[in-house]
Amino acid sequence: MPELPEVETLRRDLDPEIVGREILKGWISENAPRLVQGMPPQVFLDSLARRRFTGTSRRGKYLVLELDDGTAFILHLRMTGQLLLVDPQSVVDPYARARFWLDDGRELRFRDVRKFGTMWHVADRELVLHRLGLEPLSDEFTTAALYAALARRAAPVKAVLLDQHVIAGLGNIYVDEALHLARVHPLAPARDLSRRQAGAIREGAVRVLEQALSNRGSSFRDYVDSRGRPGSNVQHLRVYKRTGEPCLSCGREIVRTLAGGRSTHYCPGCQRRPRRRATRRVAGAGV
DNA sequence: CTTATTCCCTGATTGC
DNA sequence: TGCAATCAGGGAATAA
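Numbering-wise (the working numbering), the first sequence opens with residue 49 and increments by one.
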């Protein structure tokens, strides 16, 4: 599942390869009716033809390919999307959903087993990105900002951290990892957390993302880079998909539960379920 | 505004 | 062993 580190790895690899290249022609599979957002596929293809890549950027899990007319080609890989730079002669398997032939003889190919992936061509990228929250590897991701966001939500902290309107780029893997580093229980109501805990979550998230980035991402089943290679971060994960295995900090067995509708892994030794804040009724303050 | 639920999609996993 | 039911999961849409 591509999250921020996987998308950023892809961006860094792709940038020097595609900047300066022109899209000669494109193709969208008939079998991918939801892939192109906001316009019919043929209009999308016509508007991208003969455009040249001028740069790349990333916002949360969105990859932004900047074009020479000031527009942006934006992609979201969702669950199983892959963006590959290939030889056009290479076998086109049934999961190829889009193909873009470049002027250096190579092809940018979008593969996606589950068809959740989406792409846009927009003049104003904010049309796609404007609702996203804090960018976790930027200066805006401060303890104060995170604490303020957590303080107004009653939902489990895990659910809030997964909400892209709060923080953009964390997914199921790295939220579990960040909470373990921060020693915060995933089901703790977000608004019950202290400023100190918010700070620990911020630090945990940054550390986990930077480590994943240095290992070129976590590959379970589908994630591969633009050359089809998996990342190596799985072997560095502390809790995610380690149910029943010993915690690397305290030795207790990692537990799996459900939070925010997602499978959630944590260490019951390191991440204590918060005692419900003593809801003491102040004498005489009857409601 | 918030929160919970449903949906999209298909290979892998689980259950009988 | 075989087949059907369930699961996984990002995020949008919908309901309350």
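From the three backbone atoms N, C-alpha and C, an ideal C-beta is built for every residue, glycine too. Note that the structure is a prediction, hence the values are computed from the model and not measured.
Out of the options, state which residue places its alpha-carbon closest to the alpha-carbon of residue i.
{"i": "valine 174", "options": "Tyr110, Tyr222, Ala203, Ala226", "result": "According to the sequence provided, residue 174 is glutamate. The question's valine does not apply to it. Among Tyr110, Tyr222, Ala203, Ala226, the Cα nearest to that of glutamate 174 belongs to Tyr110."}
{"i": "valine 84", "options": "Gln137, Leu285, Arg231, Thr166", "result": "Thr166"}
{"i": "arginine 286", "options": "Asp152, Arg277, Ser105, Ser266", "result": "Ser266"}
{"i": "glutamate 301", "options": "Pro184, Cys318, His178", "result": "Cys318"}
{"i": "glycine 309", "options": "Pro204, Asp116, Gly217, Pro50", "result": "Pro204"}
{"i": "arginine 154", "options": "Arg69, Gly129, Arg126, Ala171", "result": "Arg69"}
{"i": "tyrosine 222", "options": "Leu156, Thr104, Asn281, Arg126", "result": "Asn281"}
{"i": "proline 237", "options": "Trp149, Ala260, Leu209, Ile215", "result": "Leu209"}
{"i": "arginine 244", "options": "Phe121, Gln130, Arg231", "result": "Arg231"}
{"i": "alanine 144", "options": "Met127, Asp152, Lys163, Val176", "result": "Lys163"}
{"i": "leucine 177", "options": "Ala216, Leu185, Ala307, Asp240", "result": "Ala216"}
{"i": "aspartate 224", "options": "Val161, Ser242, Val256", "result": "Val256"}
Helix, strand or coil for residue i, going by three-state DSSP, please let me know.
{"i": "proline 53", "result": "helix"}
{"i": "tyrosine 222", "result": "helix"}
{"i": "leucine 131", "result": "strand"}
{"i": "histidine 284", "result": "helix"}
{"i": "valine 214", "result": "coil"}
{"i": "histidine 169", "result": "strand"}
{"i": "isoleucine 66", "result": "helix"}
{"i": "arginine 60", "result": "helix"}
{"i": "valine 303", "result": "strand"}
{"i": "leucine 257", "result": "helix"}
{"i": "leucine 72", "result": "strand"}
{"i": "valine 335", "result": "In this prediction, valine 335 has a pLDDT of 34, which is less than 50 and means its spatial position is unreliable; nothing more can be read from the coordinates."}
{"i": "histidine 313", "result": "strand"}
{"i": "arginine 320", "result": "coil"}
{"i": "valine 84", "result": "strand"}
{"i": "arginine 328", "result": "For arginine 328, the predicted structure reports a pLDDT of 41, less than 50, and the residue's modelled location is therefore unreliable. A value from the coordinates is still provided. Reduced to three states, the DSSP call for arginine 328 is coil."}
For the beta strand (DSSP E) containing residue i, name the first residue and the last one.
{"i": "leucine 111", "result": "110 to 115"}
{"i": "tyrosine 155", "result": "The identity of residue 155 in the sequence shown is glutamate, whereas the question assumes tyrosine. Start and end: 155 to 160."}
{"i": "leucine 180", "result": "Here leucine 180 belongs to no beta strand (DSSP E), and DSSP marks it neither H nor E."}
{"i": "phenylalanine 164", "result": "Counting along the chain, phenylalanine 164 falls outside any beta strand (DSSP E), and DSSP gives it neither H nor E."}
{"i": "alanine 120", "result": "120 to 124"}
{"i": "phenylalanine 101", "result": "101 to 107"}
If you count every other CB in all the chains shown that lies within 10 Å of the CB of residue i, and 16 or more means buried, which is it?
{"i": "alanine 199", "result": "exposed"}
{"i": "arginine 328", "result": "Caution is warranted here: a pLDDT of 41 is assigned to arginine 328, below 50, making its placement in the model unreliable, and the coordinate value is therefore given only provisionally. Result: exposed."}
{"i": "glutamate 258", "result": "exposed"}
{"i": "glutamine 283", "result": "exposed"}
{"i": "arginine 320", "result": "exposed"}
{"i": "glutamine 90", "result": "exposed"}
{"i": "serine 274", "result": "buried"}
{"i": "cysteine 298", "result": "exposed"}
{"i": "methionine 49", "result": "buried"}
Tell me which residue opens and which closes the alpha helix (DSSP H) that residue i is part of.
{"i": "glutamate 95", "result": "Looking at the sequence provided, one finds serine at residue 95 rather than glutamate. From DSSP, the alpha helix (DSSP H) with serine 95 extends over 89 to 96."}
{"i": "leucine 150", "result": "No alpha helix (DSSP H) contains leucine 150, which is instead part of the beta strand (DSSP E) from 144 to 150."}
{"i": "tyrosine 195", "result": "191 to 199"}
At least three beta-carbon pairs within less than 8 Å, the stretch 243 to 263 to the stretch 69 to 81: no
Inter-stretch contact (C-beta, 8 Å, three-pair minimum) for the stretch 198 to 217 and the stretch 289 to 297: With fewer than three CB-CB distances shorter than 8 Å, the stretch 198 to 217 does not count as touching the stretch 289 to 297.
Contact the stretch 132 to 141 vs the stretch 179 to 195: 3+ CB pairs below 8 Å: no
At least three beta-carbon pairs within less than 8 Å, the stretch 53 to 66 to the stretch 107 to 127: Flag = yes, the stretch 53 to 66 and the stretch 107 to 127 touch.
Three or more C-beta pairs below 8 Å linking the stretch 124 to 139 and the stretch 156 to 163: yes
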